[in-house]
Structure formats: C-alpha cells, structure tokens
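Heads up, the sequence shown is in full-length UniProt numbering, so the first residue is 1 and it goes up one at a time.
A virtual CB, placed ideally from N, CA and C, is assigned to each residue, including glycine.
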Amino acid sequence: MKILEKYILKEIALPYAFALIGTFFLLLTGRMVQLTSYLLRSSVSIYDIIILMVLATPKLSLYAMPFVTMVAVALAFHRMNGDKELTAIRAVGVSIRRLWRPILVFAMINTLLVTFLSVVLLPHSNAAFRKKLNNMGRAGITAILQEGIFVDIIPGLVFYFQDVNPGEFTAYGVYIEDHRDPKHLITIIARSATIFYDRSTERIFFAMEDGFIMRDSENRGGEAPRSQIVRFESYRIAIDPGELGIGRGLRGGGKNEMTMQELRKAARESKDRHEARRYGLEFHLRIVLPLSCLSLAFLTVALCLYVPDKVLRLRESSIIWSVLITMATYLLYYFAVSFNKGLAENGIMSPGIALWTPWLITSALAMWLWRKVH
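This is the structure in structure tokens:
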C-alpha cells in the first residue's frame with residue numbers, strides 16, 4: 001500500500017473512533033434513560049443492563065455503522081481539504097479521483113464487519129436479548145410489589161398494595177388502575193393477588209381473588225359516559241415482561257431470530273403473502289444495510305468535496321457543511337429505505353426491488369459525482 005493511502009487511512013481512523021464511540025454512546029444512553037426508574041426500583045443490577053445493551057449492539061449496528069462510516073470519511077476529508085492537503089495532492093499531479101483505494105479499504109472493512117454482525121450474530125443476539133429481557137421482567141416483579149405506595153413503572157397501569165409478602169409473591173388489599181386503553185378506564189379492587197410467570201406464554205399474570213371491576217367508558221356521540229361494576233371471585237390480568245420499564249417485550253422467535261437460510265425458506269414456502277413479504281424484507285435488509293457502508297462512504301466524500309467547491313463556491317467550507325451534508329444524505333437514504341419497505345409490506349413492490357433500489361441509486365450517484373470531482 002502506498003504512503004498516501006496509508007496516510008489517508010490514518011486520517012480516517014481518529015474521526016472514526018470518535019464517531020463510533022459518540023454514536024453508540026447516544027443510542028445506548030437513550031435506552032438507559034428509559035431504564036432508570038426501573039433499575040432503581042427493582043433487583044436488576046447494572047451488570048444485567050450492560051449485558052442487555054451488548055446484546056442489542058448487532059441490531060443497532062445495522063443502522064449506526066453506515067452513519068459512523070459517513071461521518072468518519074467526511075471529517076477526514078474536510079480536515080485535509082481545510083489544511084490544503086488535497087490542493088497539494090493536486091499540485092503534484094495526483095487526481096482526487098485516485099483516492100478511491102483507501103476509501104474502498106475502509107468501507108469494505110466496515111461492510112464486512114456489519115455483514116458478519118447481521119448475518120451471523122444477529123439471530124443469536126436477538127434470541128439472547130429476548131431471553132434476558134424476559135428474565136429481567138420476571139426479576140422485576142419485586143419492583144411492583146411495593147407496600148403502601150402507588151407504583152406506576154408500567155405505562156398505563158397503577159398498582160397499590162396494602163400488604164405484601166415478597167417471598168410468596170402475594171399481596172393483600174389490592175388496587176389496580178388500568179388505562180392502557182384510552183377509551184376505557186378499568187379499576188380493580190381485590191382482597192388478594194398472586195403474581196406468577198407463565199413460561200408457555202412468556203407473560204406475567206396477576207391472579208386476583210374476591211373483588212370488583214369498575215369500568216368507565218368515554219361518551220360516544222354526545223351520550224353520557226357509561227359505567228359498569230362487576231363482582232368476581234377470581235380474575236387475571238396479563239403483562240408482557242418487557243412492559244416493566246424496559247420497552248416492548250419480545251415474544252416468541254419470529255423473523256428477528258431466524259437465520260438467513262430460514263428466512264429465505266420461510267419467504268418461499270409461507271402461504272400467507274404478508275408474512276412471506278415480511279420474511280423477504282428481513283432477508284434483504286440484513287444484506288442491504290451493511291452494503292450501505294460502501295456506497296454511502298463514496299457518496300459522502302464526493303458530496304463533501306463537490307458541493308462546497310462547485311455549488312456553494314467555497315474553497316474552505318466550514319465543517320458545518322460537511323456535517324449537514326452527511327446527516328442530510330443519511331436521513332434521505334434512511335427515508336427512502338423506510339418508504340420502500342412500507343410499499344413492500346403493502347404488496348406494492350417486491351421486497352428485493354424495494355430495498356435494493358435506494359442502494360443502487362445511491363451507488364450510481366456516488367459514481368457519477370466521483371467522476372465530477374477533480
């Protein structure tokens with residue numbers, strides 16, 4: 001490898017490290033904020049939360065790594081352009097277009113890394129994530145069994161227990177307010193309740209005895225609100241473990257835990273067309289998103305060099321332009337992928353055409369702009 005190519009790779013390495021750490025820090029911090037109240041009230045340790053975040057990394061990488069790749073090359077070439085290094089390269093007779101080799105090496109490393117994560121690790125990490133999430137949900141039962149206080153860590157539910165026996169997972173003097181359905185407010189008062197986890201359905205159940213259910217429905221068409229009171233000897237409500245402040249629970253295997261071979265087979269053999277399209281979309285998505293690192297890297301460099309120089313007439317453009325161009329390009333690409341994915345889910349386009357079209361357009365645009373850069 002020539003000295004110039006090694007130098008460019010070194011220039012990309014530092015912004016790549018900062019972009020990688022910064023992007024994943026923001027993504028994981030957002031998750032941690034959602035977990036704060038749950039973590040403080042339950043027996044789940046910080047170690048469990050870290051394991052959960054590690055298991056979520058392959059899924060996050062599918063969307064984060066293309067952006068990290070774009071930011072790294074944009075900042076590296078912006079600095080070189082600002083320090084007149086690209087001008088010096090031109091002055092010695094080296095065309096900017098010949099700098100494609102280090103970009104190709106860098107983008108291919110990221111592409112292969114994300115491909116390995118999406119094709120090999122993703123099904124296993126999703127399965128482990130679901131199991132860990134459910135285990136944390138079961139451990140988080142203690143976060144609900146608080147005596148003498150109102151507990152609202154589950155969205156749409158409020159619990160109050162007059163007396164609690166944590167060892168047997170039972171409570172007495174039970175008051176539950178359920179407003180998960182905005183059209184109906186359900187209030188449950190019971191003498192006692194027992195909490196248990198059902199492995200077959202992967203759900204947490206509240207089995208209550210000897211109580212009343214009061215249901216208030218909103219008015220319709222000017223009618224007065226309706227109320228109902230029902231007495232029961234036994235009554236159950238179910239909660240997904242993921243509702244315990246961690247997000248939506250993952251139930252069952254599903255397409256997220258299927259290998260590439262299983263996805264392809266399910267897409268071909270499924271009798272339900274809608275399910276077949278969902279399997280096909282997941283299959284192509286695991287290939288297209290890693291390859292986005294390659295096409296978006298070349299497109300970002302071409303845009304950062306061509307747009308300020310040719311369109312804005314700025315030889316020493318601000319770093320803000322590079323960042324704005326990078327973010328706008330990524331958002332447009334992500335919007336195109338999401339839009340086409342919606343079309344495929346509704347049967348308007350085939351999954352393959354829907355997901356590969358944005359990538360092909362991006363690659364063609366990158367090649368055209370690269371030829372324009374001198």
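Item                                                                                                                                                                             : Value
Where do the ends of the alpha helix (DSSP H) carrying E345 lie?                                                                                                                 : 319 to 345
For the beta strand (DSSP E) containing M214, list its first residue and its last residue.                                                                                       : 203 to 217
State yes or no: is the C-beta of Y7 within less than 7 Å of the C-beta of A72?                                                                                                  : no
On the three-state DSSP scale, how would you describe K310?                                                                                                                      : In this prediction, K310 has a pLDDT of 49, which is less than 50 and means its spatial position is unreliable; what the coordinates show is noted afterwards. Reduced to three states, the DSSP call for K310 is helix.
Kindly list the residues whose CB is nearer than 8 Å to the CB of F24, restricted to its own chain and excluding five residues on each side of it in sequence; keep chain order. : T57, L60, A64
Could you work out which residue in L104, V288, N81, R268 is closest to residue 378 when comparing CA atoms only?                                                                : The structure shown does not extend to residue 378, since the chain spans only 1 to 374, so no value can be given for it.
Measuring only the C-alpha atoms, how far is E282 from M349?                                                                                                                     : 15 Å
Does S338 have its Cβ less than 7 Å from a Cβ in chain B?                                                                                                                        : In summary, chain B is missing from the structure at hand, where a single protein chain is found.
Decide yes or no for the touch test of the segment 190 to 197 against the segment 165 to 174: beta carbon pairs closer than 8 Å, at least 3 of them.                             : yes
Please report the straight-line C-alpha distance between L117 and Y334, rounded to a whole angstrom.                                                                             : 19 Å
What would DSSP say about L187, mapped onto helix, strand or coil?                                                                                                               : According to the sequence shown, residue 187 is Thr rather than Leu. Strand, per DSSP.
Pair every Cβ in the segment 74 to 83 with every Cβ in the segment 319 to 336, then say whether three or more of these pairs are closer than 8 Å.                                : yes
Should H284 go down as buried or exposed, given a rule of 16 or more other Cβ atoms within 10 Å for buried?                                                                      : buried
Excluding the 5 residues flanking N256 on each side, which residues of the same chain have their C-beta closer than 6 Å to its C-beta?                                           : N126
Taking the beta carbon of L324 as the centre, do at least 16 other beta carbons fall within 10 Å, making it buried, or is it exposed?                                            : exposed
Under a three-way DSSP split, which group does T170 fall into?                                                                                                                   : strand
According to DSSP, simplified to helix, strand and coil, what is T194?                                                                                                           : strand
Relative to the alpha-carbon of H124, which residue among I154, V54, T187 has its alpha-carbon at the smallest distance?                                                         : V54
Sort F339, D272, K271, I213 by Cα distance to residue 458 and report the nearest one.                                                                                            : Past the boundaries of the shown model lies residue 458; the chain is included only from 1 to 374, so the question cannot be answered.
If we ignore side chains and look at the alpha-carbon of each, how far apart do R101 and L296 end up?                                                                            : 15 Å
Quick check: what's the CA-CA separation for R264 versus L343?                                                                                                                   : 20 Å
How should Y47 be labelled, buried or exposed, when 16 other C-beta atoms within 10 angstroms of its C-beta is the threshold for buried?                                         : exposed
From L52 to V119, what distance separates their C-alpha atoms?                                                                                                                   : 20 Å
Quick one: Cα of E11 to Cα of T69, how far?                                                                                                                                      : 13 Å
Along the chain, where does the beta strand (DSSP E) containing V230 start, and where does it finish?                                                                            : 226 to 239
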